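In our numbering, the protein residues as written are 29 to 159.
Notes to accompany the following structure.
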């Protein structure tokens, strides 16, 4: 039996929440007193690279279920045309970012109700010992 793809939920869920939230973006994409800093690039990277979603999608894996998987593909397509080489205010106000926020929120909602029918990946957390 081949090893299943690992999706790091402890990275994925907060990163999706960040992409879905204009308030988060306004707080962390600019310098703040607490030193919390992020960016579109970092939030997208957390979803697709650090959580290992891209590898799973490229290998036609089912993440949670088919609806979640398709919603993740749609999110990836939505964020791709956003030019991140601009001032954070311009990025946040870009009409395409509203689409990104809606797509990220949709993924989160689908995850909450998913019964994981057809799921082909394993869900992990950073630092979790090998199973």
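Beta carbons: idealized from backbone N, C-alpha and C, even for Gly.
Values in this document were obtained by computation on a predicted structure and should not be read as measured data.
With a Cβ-Cβ cutoff of 8 Å, do residue 142 and residue 96 count as a contact? yes
Residue 113 to residue 119, Cα distance in whole Å? 9 Å
Tell me whether residue 112 sits in a helix, a strand or coil according to DSSP, three-state version. coil
Cβ neighbours of residue 43 in the same chain (closer than 6 Å, five flanking residues each side left out): Excluding its 5 nearest sequence neighbours in each direction, residue 43 has C-beta neighbours in its own chain below 6 Å: 71, 74 and 75, listed in chain order.
Measure the alpha-carbon distance for residue 29 versus residue 50 and round it to whole angstroms. No answer about residue 29 holds up, because its pLDDT of 46 lies below 50 and its placement is not dependable.
For a quick check, are the C-beta atoms of residue 48 and residue 136 less than 8 Å apart? Yes, the Cβ-Cβ distance between residue 48 and residue 136 is below 8 Å.
Entirely enclosed beta strand (DSSP E) segments - the stretch 36-78, minimum 3 residues: none
Residues that residue 149 bridges to, as DSSP identifies them: 33
Cα separation between residue 63 and residue 82? 29 Å
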